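For the sequence shown, the UniProt record's numbering gives the first residue as 1, with consecutive numbering after it. Contents: one structure, followed by commentary.
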Amino acid sequence: MLVNGAVITGKGASKGRTAEEIDQIRAVLRGRFDDLSAEYEEALAENHALRLAEMGDSAGDDQADSGSKTAERDAASSLLRTLSDRRTQAEHAMQRLEDGTYGNCEGCSNPIPWERLEIFPSATTCVHCKSNRERRAG
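Set out below in structure tokens:
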């Protein structure tokens, strides 16, 4: 199977791996982490610029201006949290690869289906455990 350009064979992504396959998976995960880090830093800089502009440009704002700025601030903060979470997930996946647990569900220890890893290389649970977790949280 191919995970964003990296070859993953067998049912479980951590068993029966060659050193070359592990290096390919590591490169995909590292690339994902680096891309997310760059995106996070860019969003952080934009958020900082937005806050600086707000501080110097708030005199005479009416309610609509204040509400608009609040909505922008909330959207920027939400983006930063999302990027940070995704970056942490990629980092966790890289650690699991090093530990030899990558590709196995953290809930039931069964292999995560390769289709799931292909779509979401940072997945830590199989579809069944993920569904159960979401049902309990909802």
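Heads up, the beta-carbon is just placed ideally off N, CA and C, and yes, glycines get one too. In this text the structure is predicted, and so the values were computed from the model without any measurement.
Cβ-Cβ separation between L29 and A90: approximately 6 Å, consistent with a contact (criterion under 8 Å).
Residue S84 holds the alpha-carbon nearest to the alpha-carbon of E41 among S84, A93 and K130. Judged by DSSP in its simplified three-state form, N110 adopts coil rather than helix or strand. When DSSP reads this structure, N104 sits in a beta bridge with P111.
In this structure I25 does not touch L80 by the C-beta definition: roughly 28 Å separates them, more than the 8 Å allowed. When the Cα atoms are used, M94 and R135 turn out to be separated by approximately 27 Å.
It is roughly 17 Å from the alpha-carbon of D35 to the alpha-carbon of E46.
For G100 and T82, the gap between their C-alpha atoms comes out near 27 Å. Contact between T125 and G107 is confirmed by a C-beta separation of about 5 Å, below the 8 Å threshold. In the three-state scheme derived from DSSP, where H, G and I count as helix and E and B as strand, G138 is classed as coil. One Cα belongs to I112, the other to S131, and the distance between them is close to 13 Å.
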